[in-house]
Amino acid sequence: MALQNLFVPRARIATFEVALRIEDLNNVPPLNGMFYAKWRCQTHSGTSPRVPVANQQVQWSHAVRRTVDIPVGRDGVLAPCELRIAIRQEVYSHMRMKIGALTVNLSEYARLSGSSRRYFLQECKLNCTLKLSIAISQTSGPDDYDVPPLDRSMVLTDLNDIVTSESSVRPRDAASGGNSLSSAHPSRRTAHLSSSSHSTGRSATTETSHSRGLLPIDNTNIRELAPFQRSSRKNQQIVDDIFSLSL
């Protein structure tokens, strides 16, 4: 039992079995040396095997199974249970450098059957991501508690999460029927309304003219009444007279 749980009544302590797997480290440049992960949770700690970089990745698949005690707060929420992981590089068996670190609150995963996510490393200058698989199951203690919300600030969104969110949106679009097209293309809908209003205005004007006994306007003879039409005819007559005299 952790030291912070010594003064908590046993009736408020829930016991969990944690199955952790440190999968791999991604986006690693081709560096020399061996990479390993050191982890610690409450009174438990351990180290993964030392593995070199291959294809910009360090593959561990290191499995850990431990039991942790997490107290339930007075507000009915599980207290934090931090898992700390540090990634280190070892060169020539005596030089060790810290690549990055990660802190995960295991209480956030108490209600999840299993989770496999990729996390951004903190204090890392190489832009590496660490993949963890976490599964927590309760073995004893109270079960009427709430879990803290999942902190996604260090979680890298995978393609599967994007596909799942897109598939959850599509049924709502299908249920809306044809209205989704009008909402997706408001310009088409506006153009259709504009053309409808113009056609309605023309029909209304025609009906008003007929109702008042007015004749429709005929534009066919307007050009013949224009002055330039008369002048052009006169000029053409002069040209015809000149050519007739020359012949």
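Numbering (numbering that gives the first Met the number 0), first residue to last: 0 to 246. Ideal placement from N, C-alpha and C gives every residue a C-beta, glycine not left out.
How close, in whole Å, do the beta carbons of residue i and residue j come, if the pair is a contact with beta carbons under 8 Å?
i: S44; j: H61; result: Rounded, the Cβ-Cβ distance is 13 Å, inconsistent with contact.
i: L155; j: Y118; result: 7 Å
i: L125; j: A100; result: Incorrect: roughly 13 Å between the Cβ atoms, too far for contact.
i: I21; j: W59; result: 5 Å
i: L77; j: S112; result: L77 to S112, Cβ: 17 Å. No contact.
i: P70; j: V7; result: 4 Å
i: N104; j: P148; result: Not really, about 10 Å apart at Cβ, beyond 8 Å.
With a threshold of 6 Å on Cβ separation, who are the neighbours of residue i within its own chain once the five nearest residues in sequence on each side are excluded?
i: K37; result: T46, A85
i: S115; result: S132
i: G140; result: I12, A13, T14
i: D239; result: none
i: Y249; result: The requested residue 249 does not occur in the structure, where the chain is confined to residues 0 to 246.
i: L82; result: C40, V103, L105
Report all residues from its chain with a CB closer than 8 Å to the CB of residue i; omit the five preceding and five following residues, and keep chain order.
i: R95; result: R87, Q88, E89
i: T66; result: T14, F15, E16, V17, T138
i: D142; result: A13
i: R110; result: V146
i: R49; result: M33, F34, Y35, E89
i: P51; result: G32, M33, F34, V57
i: D150; result: N104, E107
i: R64; result: E16, V17, A18, L19
i: Q55; result: N25, N26, V27, P28, P29
Just to confirm the assignment, what range does the beta strand (DSSP E) spanning residue i have?
i: Q137; result: 128 to 139
i: L24; result: 12 to 25
i: R116; result: 114 to 119
Spatial neighbours of residue i within its chain, please: C-beta separation below 7 Å, excluding the five flanking residues on both sides.
i: C123; result: I98, G99
i: C127; result: L24, N25, N26, V27, I98, G99, L120
i: L158; result: Residue placement at L158 is flagged as unreliable, the pLDDT there being 44, under the threshold of 50; the coordinate-derived value follows with that caveat. No residues qualify anywhere along the chain.
i: A190; result: The predicted position of A190 is uncertain, since its pLDDT is 46 and thus under 50; no value can be drawn from it.
i: R73; result: none
Check whether the region 28 to 42 touches the region 79 to 96, counting contact only when three or more Cβ pairs, one atom from each stretch, lie closer than 8 Å. Yes, the region 28 to 42 touches the region 79 to 96.
contact_flag[the region 125 to 137, the region 13 to 22] where n(CB pairs < 8 Å) is 3 or more: The region 125 to 137 vs the region 13 to 22: in contact.
Complete beta strand (DSSP E) runs within the region 38 to 101 (minimum length 3 residues, chain order): List check, beta strand (DSSP E) in window: 43 to 46, 56 to 70, 81 to 90.
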